[in-house]
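For reference, the structure discussed in these notes is given below.
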Amino acid sequence: MHHGSREMLLASALLEASDTLSDAFDAERYLQRLSDHCVEILGARAAGIMLIEGGEEVSLAVSSRQQEVALDLLAVQHHGGPCLDSYGTGRPVPPVSISVAHAASRWPDFTERALRHDIAATFAVPLRRRETLLGALNVFVPTLPEHDPPPEEDGSVRLAQVLADAAAVGLQNHRVYAQYRTLAEQLQMALSSRVRIEQAKGMLAERWGTGADQVFRTLRQYARRHRLPLDEIATGVIDGSVDRGDLEGGPPRSP
303 MHHGSREMLL ASALLEASDT LSDAFDAERY LQRLSDHCVE ILGARAAGIM
353 LIEGGEEVSL AVSSRQQEVA LDLLAVQHHG GPCLDSYGTG RPVPPVSISV
403 AHAASRWPDF TERALRHDIA ATFAVPLRRR ETLLGALNVF VPTLPEHDPP
453 PEEDGSVRLA QVLADAAAVG LQNHRVYAQY RTLAEQLQMA LSSRVRIEQA
503 KGMLAERWGT GADQVFRTLR QYARRHRLPL DEIATGVIDG SVDRGDLEGG
553 PPRSP
């Protein structure tokens with residue numbers, strides 16, 4: 303591939319990798335697109351990503367091209383493979399000849415499956431954000447013409463690491479975004495609930511001619527007696543679905 307074309311593809315892929323601050327974000331689609339970019343930019347046969355948490359695989363995402371092959375080669379790595387090695391060390395696994403690895407009994411299940419799919423070589427890079435490891439990106443290389451340099455010499459591993467790092471940043475940013483969105487929604491719900499409770503207290507205090515504190519105690523007792531959230535009782539007072547006269551049989555009596 304011409305260097306200018308590769309640079310443009312890489313720039314486009316990095317821009318896409320940064321676009322994760324959205325409620326419509328789909329992690330599986332996001333990682334599939336990253337795998338597709340790897341295949342296109344690196345001239346690979348297929349690529350896939352294994353997300354790992356606590357040493358256990360949590361999800362797989364593979365390129366659209368040779369999808370079944372990539373999924374099979376990731377799924378067979380439960381007992382060892384380039385993804386787990388890269389994740390375990392936090393470092394790239396440089397290009398490995400499948401036939402050589404198979405002869406040396408390195409990742410026997412994986413290499414046997416890779417030979418069955420006519421994969422000549424593979425390498426993997428970690429998905430990492432500073433010290434946080436999220437998984438690994440695995441690239442599967444077809445038989446290369448003799449005049450082509452091996453992946454370690456043409457910068458393929460470095461390019462794959464750049465893409466994996468960008469994806470890790472994108473994933474982490476979305477996680478933080480989702481956490482803050484959830485927190486904001488919880489705070490908004492708490493604020494709205496408080497407003498409704500204060501409104502109900504004001505309405506009953508005016509009707510009964512008593513203090514807000516006494517009204518609050520009555521509302522709380524009623525909620526406990528009926529095993530309902532206080533906010534639900536307050537909402538019922540406001541919209542009239544809760545009989546205000548049924549609250550302790552009327553206004554609270556002062557001691």
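For the sequence shown, this note's numbering gives the first residue as 303, with consecutive numbering after it. All C-beta atoms in this analysis are idealised placements derived from N, C-alpha and C, irrespective of residue type, glycine included. Being a predicted model, the structure only gives us computed values, none of them experimental.
Keeping to the same chain, check which residues put their C-beta closer than 6 Å to that of R387; ignore five residues upstream and five downstream. Here residue 387 is taken as the residue at index 85 of the sequence shown, counted from 1. Note that residue 387 corresponds to Asp in the displayed sequence, not to Arg. Result list for D387: V395, in chain order.
Beta-carbon within less than 8 Å of R367's beta-carbon, same chain only, minus the 5 sequence neighbours each way: which residues are those? As a first step, residue 367 is located in the sequence shown; it is residue number 65 there, counting from the start. Within the same chain, R367 has close Cβ partners D338, V341, R347 and A348.
Report the rounded CA-to-CA distance for A502 versus I540, giving the unit in angstroms. Counted from its first residue, the sequence shown places residue 502 at position 200. Counted from its first residue, the sequence shown places residue 540 at position 238. Distance between the alpha carbons of A502 and I540: 6 Å.
In the DSSP assignment, the beta strand (DSSP E) including P428 goes from what residue to what residue? Along the sequence shown, one-based indexing puts residue 428 at 126. Start and end: A423 to R431.
Endpoints, alpha helix (DSSP H) assigned at P384: On the sequence shown, residue 384 is found 82 positions in, with the first residue counted as 1. That run of the alpha helix (DSSP H) goes P384 to T391.
If you draw a straight line from the C-alpha of G345 to the C-alpha of R477, how long is it? Taking the sequence shown and counting its residues from 1, the one referred to as residue 345 is at position 43. Taking the sequence shown and counting its residues from 1, the one referred to as residue 477 is at position 175. Computed Cα separation, rounded: 31 Å.
May I have the straight-line CA-CA distance separating L311 from P428, to the nearest angstrom? Walking along the sequence shown from the start, residue 311 turns up at place 9. Walking along the sequence shown from the start, residue 428 turns up at place 126. Going by the C-alpha atoms only, they are around 21 Å apart.
For A426, which residues in the same chain have their Cβ closer than 6 Å to its Cβ, ignoring the five residues on either side in sequence? Counted from its first residue, the sequence shown places residue 426 at position 124. Same-chain partners within the cutoff: P384, C385, S388, V395, A438 and N440.
With respect to the alpha helix (DSSP H) encompassing F327, which residues constitute its N-terminal and C-terminal limits? On the sequence shown, position 25 is the one that residue 327 refers to. That residue, F327, is in no alpha helix (DSSP H); it is neither H nor E in DSSP.
Taking A372 as the reference, which of G504, E534, S324 and I351 has the closest Cα? Here residue 372 refers to the residue found at position 70 when the sequence shown is read from its first residue. Comparing Cα-Cα distances from A372 to each of G504, E534, S324 and I351, the minimum goes to I351.
In the structure shown, what three-state DSSP assignment does V441 receive? By one-based count along the sequence shown, residue 441 stands at place 139. DSSP places V441 in strand when its eight states are reduced to three.
Compute the beta-carbon to beta-carbon distance between R430 and G392, rounded to the nearest angstrom, for a pair I have assumed lies under 8 Å. For this step, residue 430 is matched to residue 128 along the sequence shown. For this step, residue 392 is matched to residue 90 along the sequence shown. Yes, R430 and G392 are in contact; Cβ-Cβ is about 6 Å, under 8 Å.
Measuring only the C-alpha atoms, how far is L549 from S495? Mapped onto the sequence shown, residue 549 falls at position 247. Mapped onto the sequence shown, residue 495 falls at position 193. Spanning the two alpha carbons is a distance of roughly 19 Å.
To the nearest angstrom, how far is it from the Cα of A514 to the Cα of G504? Position 212 of the sequence shown, counting from 1, holds the residue named residue 514. Position 202 of the sequence shown, counting from 1, holds the residue named residue 504. Distance between the alpha carbons of A514 and G504 is about 7 Å.
Which residues in the same chain as L417 place their Cβ atom closer than 8 Å to its Cβ, once the five residues preceding and following it in sequence are excluded? Along the sequence shown, one-based indexing puts residue 417 at 115. Excluding residues within five positions, the ones whose Cβ falls inside 8 Å are I400, S401 and H404.
Report buried or exposed for P557, applying the criterion of at least 16 other Cβ atoms within 10 angstroms of its Cβ. Here residue 557 is taken as the residue at index 255 of the sequence shown, counted from 1. Low per-residue confidence applies at P557: pLDDT is 45, beneath 50, and the placement is therefore not dependable, though the value from the model is reported in the following sentence. P557 comes out exposed.
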